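Residue numbering for the sequence shown is 4 to 150, as defined by this note's numbering.
From the three backbone atoms N, C-alpha and C, an ideal C-beta is built for every residue, glycine too.
Please read all numbers here as calculations on a predicted model, not as lab measurements.
One structure is given below, encoded as structure tokens.
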Amino acid sequence: MTDEELIAAAREAALSAYAPYSRFFVGCAIESVDGQVVTGVNVENACYRLGVCAEQSALSAAHLAFGLVNVARIAVAGGDGSGGSLTGDIVCTPCGGCRQAIYEASCLSGRDVQVICSNGEGSTVVRHDISTLIPHGFGPLNLKDAG
Ligand code: THU
4 MTDEELIAAA REAALSAYAP YSRFFVGCAI ESVDGQVVTG VNVENACYRL
54 GVCAEQSALS AAHLAFGLVN VARIAVAGGD GSGGSLTGDI VCTPCGGCRQ
104 AIYEASCLSG RDVQVICSNG EGSTVVRHDI STLIPHGFGP LNLKDAG
């Protein structure tokens, strides 16, 4: 799948977000090393702090479909999904918690997972590696000395 197709999958998924409180619709598409794609959306809650981000719901789907160890690339898009298509100018980058969750997948595979970040329109795209988004991250190896 091309970057454009992965972004399109994230933008399409975003339209199914449950975001009545923030009205910020986020979609995430994750591609496996062998080309499988799963998606996720943000799912908010009346108890605001219990909301789940799109990346974390997509990572759950990825875990079930092909395993976190096989995550290769991730696309994220966020904006206004109240119309027929996702709109908005500002590029959506993963929040700190989602960076940590992506870092876990990266540690499992030893692969520097690429994170493709898009605005709502899909017209502005910024590519990062997870090692840039979360330098000096805390991962499974940091727990080696646990009893
Ligand atoms: N959100 C995500 O789904 N992913 C991010 O990386 C940033 C924020 C969601 C959480 C909340 O539902 C809404 O966007 C506004 O913060």
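* Sorted by chain position, which residues of the same chain lie with C-beta nearer than 6 angstroms to Gly-82's C-beta, five sequence neighbours on each side aside? -> Leu-89, Thr-90, Gly-91 and Gly-123
* According to DSSP, is Asp-132 helix, strand or coil? -> strand
* Asked: Taking any heavy atom of the ligand THU as the mark, which residues have a C-beta closer than 6 angstroms to it, listed down the chain?
  -> Ala-22, Ser-25, Phe-27, Val-29, Asn-45, Glu-47, Gly-54, Cys-56, Ala-57, Glu-58, Pro-97, Cys-98 and Cys-101
* Helix, strand or coil at Gln-39 according to DSSP, with G and I counted as helix -> Of the three classes helix, strand and coil, the one that applies to Gln-39 here is coil, per DSSP.
* Boundaries of the alpha helix (DSSP H) in which Gly-82 is found, first to last residue -> Careful: Gly-82 lies outside any alpha helix (DSSP H), inside the beta strand (DSSP E) at 74-82.
* To do: Report yes if the CB atom of Ser-109 is closer than 7 angstroms to the CB atom of Ile-93, and no otherwise.
  => no
* Grab the span of the beta strand (DSSP E) containing Cys-120 for me, first residue to last. => 117-121
* Coarse secondary structure for Ile-105, derived from DSSP in three states -> In this structure, Ile-105 counts as helix in the three-state DSSP scheme.
* Nonlocal neighbours in the same chain, by C-beta distance under 7 angstroms from Val-152, ignoring five residues either side -> Absent from the structure is residue 152, since the part of the chain shown begins at 4 and ends at 150.
* Do three or more CB pairs link the stretch 27-40 to the stretch 69-83 at distances below 8 angstroms? -> At 8 angstroms Cβ cutoff, the stretches touch.
* To do: Establish whether the CB of Ser-88 and some CB of chain C are separated by less than 7 angstroms.
  => Among the chains in the structure shown there is no chain C, since it carries only a single protein chain.
* Asked: Straight-line CA distance for Ser-85 to Cys-95?
  -> So the two alpha carbons sit approximately 17 angstroms from each other.
* Under 7 angstroms between the Cβ atoms of Val-29 and Ala-57? -> yes
* Whose CA, out of Val-118, Val-40 and Leu-67, lies closest to the CA of Ala-151? -> As shown, the chain starts at 4 and ends at 150. That puts residue 151 outside it, with no answer to give.
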